[in-house]
Amino acid sequence: MQLARTEQQLAIPTSWAEIPLGDWVAAEIQERLDSWCPQLFGYHLLKIGSLSAELSCGHSRIRHQIGLARAGRLLDCIGDPLALPVRENCVDACLLAHVLDFSPDPHQVLREAERVLTDDGWLILSGYNPLSLAGLGHLLPWYRRRLPWSARMFSPARVTDWLQLLGFEVMHDDRFGYAMMGPRSRIGWWRESLGRDHLRPFASVYVIAARKRRFPLIPVRQSWSLTRQVTASGMARQGW
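Shown next as structure tokens:
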């Protein structure tokens with residue numbers, strides 16, 4: 001298992017157009033956002049990363065949406081995902097599209113997202129699965145330095161563990177990309193359908209939606225006490 005943190009320099013894509021079949025991956029993620037975004041509500045939505053900024057959350061009830069990254073298109077703010085220039089507990093939803101795959105410290109990215117999210121705030125993220133056909137290219141030396149195989153690729157189970165350690169509850173977990181991440185041809189559609197039913201752990205791309213949960217450290221217990229006298233005056237009492 002590769003370490004989460006690395007010192008190596010990573011080539012970070014600033015647009016879906018830089019990634020082979022990136023427009024198809026973005027369209028698939030967008031389809032899931034259109035389905036999940038109506039569940040988001042609040043005042044502020046933060047799109048972290050240049051790929052996130054190119055996705056639409058128009059179906060959400062949150063109207064104030066900010067795109068933040070070091071570089072890219074459609075950005076509203078220039079900032080580092082490892083040190084977000086945002087106050088804590090003030091964002092109602094965060095979108096991280098493939099940010100963990102191209103980050104030298106994915107733990108810190110998640111910690112920053114957790115810091116700025118309000119209680120019960122939403123975190124939606126996507127990434128490449130190393131246990132997939134896309135992950136197979138990541139192991140080949142002549143592909144490893146090219147997008148998208150140069151991505152670090154953390155398994156959905158590992159990302160889910162990170163989220164749970166930070167106090168998130170996973171609400172949705174969807175996968176796609178069983179047919180070499182290809183377009184929706186007739187054969188590709190058949191493979192996608194078969195993969196969803198029988199090969200879910202081997203999907204090339206995962207999309208997870210989780211909520212930040214906060215519970216009191218000391219349970220609030222309600223004190224129950226019976227009345228001293230159950231029977232009314234004048235009623236017979238049974239002796240023991």
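Mapped onto UniProt numbering, the consecutive letters of the sequence shown carry residue numbers 1 to 240.
Here a beta-carbon is modelled for each residue, glycine too, at the ideal position from N, C-alpha and C.
For residue 69, the enclosing beta strand (DSSP E) stretches over residues 64-69. Secondary structure note for residue 175: it is in no alpha helix (DSSP H), and the uninterrupted beta strand (DSSP E) holding it is 168-176. Contact between residue 67 and residue 83 fails: their C-beta atoms lie close to 17 Å from each other, not under 8 Å. Under the three-state reduction of DSSP output, residue 126 falls in the strand class. By the criterion of a C-beta distance shorter than 7 Å, residue 170 is surrounded in its chain by 160, 163, 208, 210, once the five residues flanking it on both sides are discounted. In the structure shown, the three-state DSSP call for residue 101 is helix. When the Cα atoms are used, residue 85 and residue 56 turn out to be separated by approximately 22 Å. Minimum Cα-Cα distance from residue 15 among the listed residues 39, 98, 3 corresponds to 98. In the DSSP assignment, residue 93 forms a beta bridge with 45, 122. Three or more Cβ pairs drawn from the stretch 100-113 and the stretch 6-20 lie within less than 8 Å of each other, which places the two stretches in contact. Within 10 angstroms of the beta-carbon of residue 69 lie 16 or more other beta-carbons, which makes it buried.
Residue state for residue 152 is assigned as coil, using DSSP reduced to three classes. Around the CB of residue 130, 16 or more other CB atoms lie within 10 Å, so the residue is classed as buried.
The three-state secondary structure of residue 29, taken from DSSP, is helix. Residue 88 sits exposed, since fewer than 16 C-beta atoms from the chains shown fall within 10 Å of its C-beta. Closest in alpha carbon position to residue 73, among 32, 62, 49, is 49. Between residue 35 and residue 128, the gap from beta carbon to beta carbon reaches 8 Å or more. DSSP places residue 109 within a helical segment (H, G or I) once states are collapsed to three. Residues of the same chain with a CB within less than 8 Å of the CB of residue 199, apart from the 5 flanking positions on each side, are 178 in chain order.
A residue is called buried once 16 or more other Cβ atoms fall within 10 Å of its Cβ, and residue 31, having fewer, is exposed. Beyond the five residues adjoining it in sequence on each side, residue 59 comes within less than 6 Å, by CB distance, of 34, 37, 38 in the same chain, given in chain order.
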